[in-house]
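S.K.: Residue 28 is where the sequence shown starts when you use this note's numbering, and the numbers rise one by one after that.
Take a look at the following structure, please.
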Amino acid sequence: MTGIGNDGTEGFAKVKKNSGTTIAQEVETCVYPNLIQCAVERGVVDWVVNENELSTTIAALIENTAHAEV
28 MTGIGNDGTE GFAKVKKNSG TTIAQEVETC VYPNLIQCAV ERGVVDWVVN
78 ENELSTTIAA LIENTAHAEV
């Protein structure tokens, strides 16, 4: 998510409120690091991962969810 001010943080919070899982790219590699940092500080980010690990983290979470539903 991205946005201006608290947009990203509010978006993460809405995802969490609706039982979603939130994943953020590490602050050090973000174009707008303050957006992620605010979300992390507010406690609405479940996973913070390296940009190269985003796709594998998403795939693992989907796979784990699928196994839990069986």
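Ideal placement from N, C-alpha and C gives every residue a C-beta, glycine not left out.
Model, not experiment: these values are computed from the prediction.
I need the DSSP call for V75, collapsed to helix, strand or coil.
M.R.: The residue given as residue 75 occupies position 48 in the sequence shown. If DSSP states are grouped into helix, strand and coil, V75 belongs with the strands.
S.K.: What number of angstroms, rounded off, separates the C-alpha of I85 from the C-alpha of D34?
M.R.: On the sequence shown, position 58 is the one that residue 85 refers to. On the sequence shown, position 7 is the one that residue 34 refers to. Answer to the nearest angstrom: the Cα atoms are 22 angstroms apart.
S.K.: Between F26 and the rest of its own chain, which residues show a CB-CB distance below 7 angstroms, the 5 nearest in sequence each way excluded?
M.R.: Because the chain spans 28 through 97 in this model, residue 26 falls outside it and cannot be assessed.
S.K.: Tell me which residues share the same chain as T56 and place their Cβ nearer than 8 angstroms to its Cβ, disregarding the 5 neighbours each side in the sequence.
M.R.: The residue you call residue 56 lines up with position 29 of the sequence shown. Within the same chain, T56 has close Cβ partners N77, E78.
S.K.: For A51, count neighbouring Cβ atoms within 10 angstroms of its own Cβ and tell me buried if that reaches 16, exposed if not.
M.R.: To locate residue 51, count along the sequence shown from 1; it is residue 24. A51 should be labelled buried.
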